[in-house]
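Here the structure comes first, spelled out in structure tokens, and everything after it is commentary.
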Amino acid sequence: MASRYSEVYGAWKTDPEGFWSEAAEAIDWFEKPERVFDTERGIYGHWFPGGLTNSCYNCLDRHVESGRGEQIAFIYDSPVTSSIERISYGALLDDVKALAAVYRKLGVDKGDRIIIYMPMIPQAAVAMLAAARIGAVHSVVFGGFAANELTVRIDDCRAKLVVSASCGIEPGRTVAYKPLLDAAVTIAEHKPAHCLIYQRDMLKAEMTPVRDVDYAAALSAAKDAGDEVGCTPVASNDPLYVLYTSGTTGQPKGVVRDNGGHMVALKWSMPNFFGVQPGEVFWAASDIGWVVGHSFIVYGPLLNGNTSVLFEGKPVGTPDPGTYWRIIAEHGVAVMFTAPTALRAIRKEDPDAALVSKYDISGFRALFLAGERADPDTIRWAERALGVPVIDHWWQTETGWPVAGNPLGLGLLPVKYGSPAVPLPGYDVQILDDAGHPVEAGTLGNVVVKLPLPPGCLPTLWNADHRFRAAYLDEFPGYYKTADAGYLDDDGYVFIMARTDDIINVAGHRLSTGAMEEVCASHPDVAECAVIGIADELKGQIPAGFLVINSNVSRETSEIEREVISLVRDRIGPVAAFRTAMCVKRLPKTRSGKILRATIQKIADRQPWKMPATIDDPAILDEIAAVLHAKGIGI
Numbered sequence: 016m017a018s019r020y021s022e023v024y025g026a027w028k029t030d031p032e033g034f035w036s037e038a039a040e041a042i043d044w045f046e047k048p049e050r051v052f053d054t055e056r057g058i059y060g061h062w063f064p065g066g067l068t069n070s071c072y073n074c075l076d077r078h079v080e081s082g083r084g085e086q087i088a089f090i091y092d093s094p095v096t097s098s099i100e101r102i103s104y105g106a107l108l109d110d111v112k113a114l115a116a117v118y119r120k121l122g123v124d125k126g127d128r129i130i131i132y133m134p135m136i137p138q139a140a141v142a143m144l145a146a147a148r149i150g151a152v153h154s155v156v157f158g159g160f161a162a163n164e165l166t167v168r169i170d171d172c173r174a175k176l177v178v179s180a181s182c183g184i185e186p187g188r189t190v191a192y193k194p195l196l197d198a199a200v201t202i203a204e205h206k207p208a209h210c211l212i213y214q215r216d217m218l219k220a221e222m223t224p225v226r227d228v229d230y231a232a233a234l235s236a237a238k239d240a241g242d243e244v245g246c247t248p249v250a251s252n253d254p255l256y257v258l259y260t261s262g263t264t265g266q267p268k269g270v271v272r273d274n275g276g277h278m279v280a281l282k283w284s285m286p287n288f289f290g291v292q293p294g295e296v297f298w299a300a301s302d303i304g305w306v307v308g309h310s311f312i313v314y315g316p317l318l319n320g321n322t323s324v325l326f327e328g329k330p331v332g333t334p335d336p337g338t339y340w341r342i343i344a345e346h347g348v349a350v351m352f353t354a355p356t357a358l359r360a361i362r363k364e365d366p367d368a369a370l371v372s373k374y375d376i377s378g379f380r381a382l383f384l385a386g387e388r389a390d391p392d393t394i395r396w397a398e399r400a401l402g403v404p405v406i407d408h409w410w411q412t413e414t415g416w417p418v419a420g421n422p423l424g425l426g427l428l429p430v431k432y433g434s435p436a437v438p439l440p441g442y443d444v445q446i447l448d449d450a451g452h453p454v455e456a457g458t459l460g461n462v463v464v465k466l467p468l469p470p471g472c473l474p475t476l477w478n479a480d481h482r483f484r485a486a487y488l489d490e491f492p493g494y495y496k497t498a499d500a501g502y503l504d505d506d507g508y509v510f511i512m513a514r515t516d517d518i519i520n521v522a523g524h525r526l527s528t529g530a531m532e533e534v535c536a537s538h539p540d541v542a543e544c545a546v547i548g549i550a551d552e553l554k555g556q557i558p559a560g561f562l563v564i565n566s567n568v569s570r571e572t573s574e575i576e577r578e579v580i581s582l583v584r585d586r587i588g589p590v591a592a593f594r595t596a597m598c599v600k601r602l603p604k605t606r607s608g609k610i611l612r613a614t615i616q617k618i619a620d621r622q623p624w625k626m627p628a629t630i631d632d633p634a635i636l637d638e639i640a641a642v643l644h645a646k647g648i649g650i
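Okay, here's the thing in structure tokens:
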């Protein structure tokens, strides 16, 4: 069908308040907002002031009240525990009501903070929704995070309660959460009053008397007693959650999400961007510890009345690289969202996508990618393998929902490989030079968004409004700084090339590591790659590429390295000074799949560095250092 994008984006540009006022009609309000946008804070104002609502009510109660209680809300698929569970909207609401009553019994009230430190199990989503039900503020911490990192978050938000599980399950190992939680509470300055512990069958945790409460027993007791809690009306601008994201200052960086604007933005995005209708199965293969899990495993799909897949596993090794295709086929997934790094892991193990043919995925409509830059070669591979549109899109923890992408629900626009396509309504994306001046189309610069940001984006950082303004607003007055570098082409397509920290200066030329990675990844033997800038006395910086090779390749790695160097020289030119490429077994990543380029660079430049809190496997950094040293780098 012809795309309605220009019409819809134009309607927002012409009348932003009218556009978002209409979108807000899709949300149930206890009291309608007094107006659409509050300008009392200036250009960075509040959305839907005066409105009273509740996120849990909109996710659950209204669907059950309208007669859809039997519809499946969550499909819990856990290959690591060999279990599948289907949970209806009605059953989910029953659990959430009971857990909300448990929260109240433990002294938690509106505005209090709850830390959720759990694996990818249904109880984690119940914990989030029960917090929203009583107006408490939840902060999900990725299960298995180190004790010190958990302590920082407990102290910063002054959590009254921690909800946790006895363990998480990784391929081949069980991770005990309770000892990490106990250590965190011991060293925290602020002591939570209680810890609510869900005991998993594969590992039981020792309970601390008085402080620790058994999750299942408390929930069962609340149900037996008929304890139920209704939805607490909260202001549109009251916080729903705080999500801590990586920062460079060493101080906690808690992104705040409000209730009203968040719901309006997510509800609009599900049918219009992702192209899914109520009742369809949507799967975001992420974790609730990250923003994708908040927005598109829990809140977005439930607001839209979808069935959401809750997946406890990995794209490979649980048990094989065909796990994603099995889930799509078995559960009737219409649209899926994952990270490019997951596809690259699958491609490395199954380069010819042979496992796709084992499954009937004829009902699958589209695959969305975000979280890391999606190189064109990976997108083309997935298009060939799956036979559906593969849609790159771009956003951040701070924005909470996509900034730019090809809107499936409005009709797809022509694909430009390497671009997440066009800005979505609410986002006026521009490119500025370092002095804050607009640059011409095709010129690399700072990607910014003209204020005000749309509903759903962060209003501030938790207890740090001054740091919020310094980090995002002060450098380019009137704009939100994304800290990404890229350009707009003549058609208004956005190209995100790197974080601004990843733009390297080679003999006075500002070059994008993302452009070099794109070339490296085009080599048929390369599964994934990373390019960093290494300090050089003569040129300032010179690029170095790290290459992970497909599993079925038996050629000499030195030959592949020479071919990749030649490719970059041919396609980008001698100006790139790309003369160093090295094959590695794997790349260091965060648990959400982002490559830790800055840490690799510090190792190469012999600069002080500390172990990133979000790293998936610390041993990989030792492997990287050994490869660098073998090349005479970083010694």
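Counting in our numbering, the sequence shown runs without a single skipped number right up to 650 at its last residue. A virtual CB, placed ideally from N, CA and C, is assigned to each residue, including glycine. Only a predicted model underlies this, so the values are computations on that prediction, with no experimental measurement involved.
Beta carbon proximity, residue i to chain D, threshold 7 Å
i	result
Phe491	No chain D is present in this structure, which holds just one protein chain.
Contact under 7 Å by Cβ, residue i with residue j
i	j	result
Tyr685	Leu218	Residue 685 lies beyond the stretch modelled for the chain, which goes from 16 to 650, so this question has no answer here.
His209	Val228	yes
Tyr192	Ala174	no
Asp242	Ala203	no
Leu19	Leu425	Residue identity check: residue 19 is Arg in the sequence provided, not Leu. Yes, Cβ-Cβ distance for Arg19 and Leu425 is below 7 Å.
Ala389	Ala368	no
Pro207	Leu176	yes
Lys604	Ile610	yes
Leu384	Asp407	yes
Ser70	Ala146	no
Ala116	Val244	yes
Met626	Val583	no
Buried versus exposed, by CB contacts within 10 Å (16 or more), residue i
i	result
Asn520	exposed
His452	exposed
Gly294	exposed
Glu543	buried
Thr458	exposed
Thr166	buried
Glu32	exposed
Thr263	With a pLDDT of 47 at Thr263, under the threshold of 50, the modelled position of this residue cannot be trusted, and the question is left open.
Glu22	exposed
Ala513	buried
Asn274	buried
Ser481	Correcting the residue identity first, residue 481 is His in this sequence and not Ser. Its Cβ having fewer than 16 others within 10 Å, His481 is exposed.
Collapsed DSSP secondary structure at residue i in the structure displayed
i	result
Glu22	helix
Thr263	Because Thr263 carries a pLDDT of 47, less than 50, the predicted location of this residue cannot be relied on, and the following value inherits that uncertainty. Correct three-state label for Thr263: coil.
Ile303	coil
Ala641	helix
Met222	coil
Gln556	strand
Ala360	helix
Ala146	helix
Asp171	helix
Arg514	strand
Ser70	helix
Leu258	strand
Thr189	strand
Glu100	strand
Thr528	helix
Val79	helix
Asp109	helix
Pro421	According to the sequence shown, residue 421 is Asn rather than Pro. In this structure, Asn421 counts as coil in the three-state DSSP scheme.
Pro438	strand
Ala634	helix
Gly649	coil
Original post:
What residue ranges within the region 363–404 form continuous alpha helix (DSSP H) runs of no fewer than 4 residues, ordered along the chain?
Top reply: Complete alpha helix (DSSP H) runs here, min 4: 391–401.
Original post:
Is the region 323–336 close to the region 635–646, with three or more CB pairs under 8 Å?
Top reply: Of all C-beta pairs linking the region 323–336 to the region 635–646, fewer than three are shorter than 8 Å, placing the two stretches out of contact.
Original post:
Along the chain, which unbroken stretches of the alpha helix (DSSP H) at least 4 residues long are found entirely within the region 191–252?
Top reply: List check, alpha helix (DSSP H) in window: 193–202 and 230–239.
Original post:
Does the region 566–585 come within contact of the region 529–539, defined as at least 3 CB pairs closer than 8 Å?
Top reply: The way I'd put it, the region 566–585 does touch the region 529–539; three or more beta-carbon pairs between them come closer than 8 Å.
Original post:
Which ranges would you report for the alpha helix (DSSP H) in the region 20–67 if only whole runs of at least 4 residues count?
Top reply: Those alpha helix (DSSP H) runs which fall completely within the region 20–67 and span 4+ residues are 20–29 and 31–38.
Original post:
Taking only runs of the beta strand (DSSP E) that begin and end inside the region 270–350, which ones reach a length of at least 3 residues, in chain order?
Top reply: 296–299 and 322–326, all fully within the region 270–350.
Original post:
Whole beta strand (DSSP E) runs in the region 563–620 with 3 or more residues, listed along the chain?
Top reply: The qualifying runs are 595–598.
Subject >> Sufficient close CB pairs (3 or more, under 8 Å) joining the region 366–383 to the region 595–604 >> reply: In short, these stretches do not touch, since the Cβ pair count stays below three.
**OP:** Quick one: which unbroken alpha helix (DSSP H) runs of 4-plus residues sit fully inside the region 454–510? Chain order, please.
**Re:** Taking only runs of at least 4 residues, the alpha helix (DSSP H) segments lying wholly in the region 454–510 are 480–487.
Original post:
Below 8 Å, can you find three or more Cβ-Cβ pairs linking the region 281–300 to the region 485–492?
Top reply: Output reads no: the region 485–492 does not touch the region 281–300.
**OP:** Check whether the region 439–448 touches the region 463–475, counting contact only when three or more Cβ pairs, one atom from each stretch, lie closer than 8 Å.
**Re:** The region 463–475 and the region 439–448 touch, with three or more beta-carbon pairs separated by less than 8 Å.
Original post:
Is it true that the region 244–252 meets the region 46–66, where meeting means three or more beta-carbon pairs spaced less than 8 Å apart?
Top reply: In this structure the region 244–252 touches the region 46–66; the number of beta carbon pairs closer than 8 Å is three or more.
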